[in-house]
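The sequence shown maps to residues 1 to 100 in the UniProt record's numbering. Where a beta carbon is used, it is the ideal one built from N, C-alpha and C, also for glycine.
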Amino acid sequence: MASSIRIALLMFAGLIVGCGPGGTPVPENKIPVTEMIRNDLKSIVSNNQLGSEMVTIDENLKKLAESEPEKAAELRKEYEKLEKASGRPAAQAKKMMEKL
1 MASSIRIALL MFAGLIVGCG PGGTPVPENK IPVTEMIRND LKSIVSNNQL
51 GSEMVTIDEN LKKLAESEPE KAAELRKEYE KLEKASGRPA AQAKKMMEKL
């Protein structure tokens with residue numbers, strides 16, 4: 001009986017204490033989308049090869065389309081050329097950077 005009371009008291013104390021205060025909100029990324037695309041393109045230019053930057057450029061072009069659809073459409077065409085650029089993606093990445 002005493003152990004049942006102890007268990008009940010522990011459970012009650014746990015309910016009162018809870019999980020603590022709420023978490024700290026993560027601040028929103030304040031780097032402009034165009035700057036993130038530019039940074040990825042700089043990486044392609046410096047390495048002269050396509051890598052994971054292509055995924056983030058694609059995602060950032062989708063974000064850009066929400067605020068600047070015309071610019072995003074123009075950059076999307078250049079992005080598609082960049083995807084097909086075999087051997088020398090740096091030259092195409094530079095062209096794309098000029099349109100930013």
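**Q.** Cutoff 8 Å; reference leucine 61; Cβ partners in own chain excluding five residues on either side
**A.** Here the question's residue 61 lines up with position 61 in the sequence shown. Cβ contact annotation for leucine 61 (same chain, cutoff 8 Å, sequence separation greater than five): Ile37, Ala72, Leu75, Arg76 and Tyr79, in chain order.
Q: Can you tell me which of Glu70, Ile5 and Val55 puts its alpha carbon nearest to the alpha carbon of aspartate 40?
A: The residue given as residue 40 occupies position 40 in the sequence shown. The shortest C-alpha separation from aspartate 40 is found at Val55.
Q) Helix, strand or coil: which one does DSSP assign to alanine 44? A) Locating residue 44 in the sequence shown gives position 44, where the first residue counts as 1. The sequence shown places isoleucine at residue 44, not alanine. Looking at isoleucine 44 - three-state DSSP - the assignment turns out to be helix.
Q) Fully enclosed by the stretch 21-81, which beta strand (DSSP E) runs are 3 residues long or longer? A) Runs of the beta strand (DSSP E) lying entirely within the stretch 21-81, each at least 3 residues long, are absent.
(Q) Cutting at 7 Å between CB atoms, please list the residues of its own chain near glutamine 49, excluding the five before and the five after it. (A) For the purposes of this step, residue 49 is taken as residue 49 along the sequence shown, with counting starting at 1. So the list reads Pro89, once near-sequence residues are dropped.
Q | methionine 11, buried or exposed, once every other Cβ within 10 Å from all chains shown has been counted against 16 | A | To locate residue 11, count along the sequence shown from 1; it is residue 11. So methionine 11 counts as exposed.
Q. At which residues does the alpha helix (DSSP H) containing alanine 91 begin and terminate?
A. To locate residue 91, count along the sequence shown from 1; it is residue 91. Start and end: 89-99.
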